[in-house]
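Start counting the sequence shown at 46; every next residue gets the next number (the working numbering).
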Amino acid sequence: MAPIREALLQLVAQDILMGQRGFSVRVPIPSVEQLAEVRAIRTKLEIMAATNAMHEWTPEVIAELERIHAELQLAKAAGDVTRILRANVRFHFALYGAERRSYLMTMIRTLWAITGPSIRPSRGAGYSWTTEARP
Numbered sequence: 046m047a048p049i050r051e052a053l054l055q056l057v058a059q060d061i062l063m064g065q066r067g068f069s070v071r072v073p074i075p076s077v078e079q080l081a082e083v084r085a086i087r088t089k090l091e092i093m094a095a096t097n098a099m100h101e102w103t104p105e106v107i108a109e110l111e112r113i114h115a116e117l118q119l120a121k122a123a124g125d126v127t128r129i130l131r132a133n134v135r136f137h138f139a140l141y142g143a144e145r146r147s148y149l150m151t152m153i154r155t156l157w158a159i160t161g162p163s164i165r166p167s168r169g170a171g172y173s174w175t176t177e178a179r180p
């Protein structure tokens, strides 16, 4: 099977994309209820990942979290949606530290991928979760 076709099938299997007739795919538009459910699950998994990574929070990591948070606050004050979303994703993933290659992180990334396409339309154009969610 071609690598691109296999990748698309994996994304369909993870509910990130939706398969259609003739092997076309599209990004599904989740309902408000589905988004709320995904966010609730993701929040619980993020707490687990951050808790697992806390032992790695050196003064440098904490300084980086503070820097990203300050950047987020400046972006909010400026109303810069693109910067808000980018800083938000960077902050979340910085909390997890070395957890990046675990099954837990795979699940978190999948949940971000499911909600990502729905975030930007409600906030403005130009945001890409895939670029920002993999520090």
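The C-beta atom is built at its ideal place from N, Cα and C for all residues, glycine as well.
Which residues bound the beta strand (DSSP E) around residue i?
i     : result
VAL70 : 69-71
MET34 : The question about residue 34 has no answer, for the chain in this structure spans 46 to 180.
GLN65 : 63-65
Classify residue i as helix, strand or coil using the three-state DSSP reduction.
i      : result
GLY124 : coil
GLN118 : helix
ILE113 : helix
ILE74  : coil
Could you tell me which residues DSSP puts in a beta bridge with residue i?
i      : result
GLY161 : According to DSSP, which records beta bridges pairwise, GLY161 is partnered with nothing at all.
May I ask which residues mark the beginning and end of the alpha helix (DSSP H) holding residue i?
i     : result
ALA52 : 48-58
Less than 8 Å between the CB atoms is what I'm expecting for residue i and residue j, so what's the real figure, rounded?
i      : j      : result
ALA98  : GLU116 : Between GLU116 and ALA98 the Cβ distance is about 20 Å, and since that is not below 8 Å, they are no contact.
ILE153 : GLU91  : 6 Å
ARG71  : LEU156 : In fact, because the Cβ distance is near 19 Å, the residues do not count as touching under 8 Å.
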